[in-house]
Amino acid sequence: MGPLAALTPLLETRGIGKRFGGLEAVTGVDLRLARGEVRALIGPNGAGKTTLVGLISGRLAPTTGRVLFAGRDVTRLGAADRVRLGIVYTFQITSIYRRLTVADNVAVAVQRRRLRRLADWLAPDARGLAREVEAALGVVGLAGVAAEPAGALPYGHQRLLEIAMALALQPALLILDEPTQGLAAAEIDALCRLVRDVAAGATVLLIEHNMAVVLELAGRITVMDRGRIIAEGPPREIEANPEVQRAYLGQPSATSS
Amino acid sequence: MTLGLHLAVLAVLAALQLVLPPFHHGMVARVMVLAAYAIGYNLLLGYTGLMSLGHAIFFAAGMYGTGLTVHHGGFGVAAALVVGLAAALAVGAVVGVMTVRTAGPAFLIVTMMLAQAFYLATLHFNELTLGDQGFILPALEVTLAGRAFALADPAVKYNVALVVFGACLLASLGLVRSPVGRVLVALRENEERTRLLGYHTGRYRVLAVALSGLVSGLAGATYTLLFSYVGSTFAGVLYSIYPLLWTLLGGAGTTLGPLVGTLLMTYAIDVTSGITDAYLVIVGAALVLTILWAPAGVVGGLRARWARWLP
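Which chain is which? The protein sequence lines are A and B, in order. Going by the numbering used here, the letters in the first sequence line up with residues 1 to 257, in that order. Going by the numbering used here, the letters in the second sequence line up with residues 1 to 311, in that order.
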């Protein structure tokens, strides 16, 4: 790694935009994430947050603009190739293999990273795989239900499984799309601890509505409204920003002044 | 335990030839070849989640690839078999690439149309294929350890069918328990999730269609070698529907389902057609009842109730 690598943002979008028919969901967004930071992305419903991370993860193709990852232009890469580079997305609506066991869910993720050469596929190391699956489940506290069908888990555990699958890919950039949605208070605490652990080794982009979680985890906050970034800064600054309050809390400007 | 069960099934099939009366002896030999076809179908429907209505294209590709080279080229059994397999694999890869962006009903319709085009081609190139009249192959022999075996001999027929079926069964078991099989099942369960774990899902789909085509083509090639006939009937829509019914009846997504389904259905048709001309009504009713009681098929139902470990 050259001396400039530390200065290159891990992720950068340049004028990225996405239009769905007549709707401009994301317009000219320039976002830069430094290596190792935890960034929260907030904004009212329909602000374009999920569309933006869809453009970053490659689930959506942009109408305009470019995406750079570790200095490399990845705009034309598909989602699978971006995952292989380390951009890992966890779904807002839990997306797991409901009919497979919890262990099999994680195994699909683990083997993708382990089996890189043809020889690995022909003579897979089943024991090493099982060990890693167990370890990944241990991190999120699901080792005890490894043999259960994933669809039978309570909702909060399904969210944790989703995160375990993402962690099993050893992401460089982990995108969490409303991870605490529908979780109980105790589960939210556990999730916050988990994200802090992850952040020690990865950059995290967190879409979140729960402001307590955002303030606890994020070093910087980016605020979106109507497809654009309207503010960016450390939590204190963002909290005090009247424009943010107006957009995010839906307060008319008359009451805030 | 799983491998043992599969080997035991093969051992029972091997032992059956000693006790079966001639009629059933021939019948089971035919069932084993058709069950190999169903195994090919099941790789796609049961383990990748793609329902094709055009699998006759693969069965017929194997059949014509082998039959035409014997008939026109005077090829021996081994060489003709290789041509049949290559034809089926090539057709499988082409169909896989052409359907890679289709899902659900669209996949079903595109495969049906491609198979129909193939069927019409077998009629169109009448001088080569003799169309729906078809042609009979000459007496064929295989040489093993210096001895020649005539394929027309019932015992040889039975054991060739057993070897081909056994190879397909064990290969399918190996595949579904391998890392590749795990990816295919993941595709079946949730394609978008699988893509976002970093898998190039399109490539796996093409691979699945090609492998399914290869196994189906092996069954078609074997069928023509053992029963000495090639005709466009086998490229028709009925031979696309059969493996679907066999697989659903036996249990899609179970390794032993194709054998069970093919065996039950073939015998159901045989028994009922001895009773009445309207035998398809009885077979149809039996199918409807099975699906009502055991929507996952016979083996699928067993697995859900008693044997979760069945692959």
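All C-beta atoms in this analysis are idealised placements derived from N, C-alpha and C, irrespective of residue type, glycine included.
Taking one beta carbon from each stretch, the stretch 228 to 245 of chain A and the stretch 141 to 160 of chain B have fewer than 3 pairs nearer than 8 Å; the two do not touch.
Using a 10 angstroms sphere on the CB of A307(B), the tally of other CB atoms stays under 16, which defines it as exposed. The continuous beta strand (DSSP E) containing D225(A) extends over residues 220 to 225. Among the residues facing chain B, A80(A) is included, as its CB has a counterpart in that chain under 7 Å away. With its beta carbon less than 7 Å from one in chain B, R84(A) belongs to the interface.
Nearest to A56(B) by C-alpha distance, out of A15(B), G198(B), I241(B), V176(B), is I241(B).
For the pair E162(A) and L115(A), the Cα-to-Cα distance works out to about 21 Å. L170(B) and G67(B) have their alpha carbons spaced roughly 26 Å apart. In terms of Cβ geometry, G220(B) and Y119(B) do not form a close pair [threshold 7 Å].
Any Cβ of chain B closer than 7 Å to the Cβ of Q181(A) would place that residue at the interface, and such an atom is absent. Under DSSP, A150(B) shares a beta bridge with E141(B). The Cβ of P179(B) sits closer than 7 Å to at least one Cβ of chain A.
Taken through DSSP and simplified to helix, strand or coil, T180(A) comes out as coil.
Straight-line spacing of the CA atoms in A86(B) and L175(B) works out to 20 Å.
Inclusion of G49(B) and R188(B) in the CB contact set at 7 Å is warranted, their separation being smaller than that value.
Between D177(A) and Q92(A), the C-beta gap is smaller than 7 Å, which places the two residues in contact.
Around the beta-carbon of E127(B), fewer than 16 other beta-carbon atoms lie within 10 Å, marking it exposed.
According to the DSSP assignment, G297(B) belongs to the alpha helix (DSSP H) that extends over 297 to 305. Burial check for D104(A): the Cβ neighbour count within 10 Å reaches 16 or more, so the residue is buried. Within chain B, the C-beta atoms nearer than 8 Å to that of I96(A) come from N190, R193, in chain order. Taking 7 Å as the cut-off, the Cβ atoms of F75(B) and G213(B) do not count as close. Secondary structure note for A136(A): its alpha helix (DSSP H) is the uninterrupted segment 126 to 140. Taking C-beta atoms as the reference points, G134(B) and Y223(B) fail to come closer than 7 Å.
The beta-bridge partner set that DSSP reports for G233(A) consists of I221(A).
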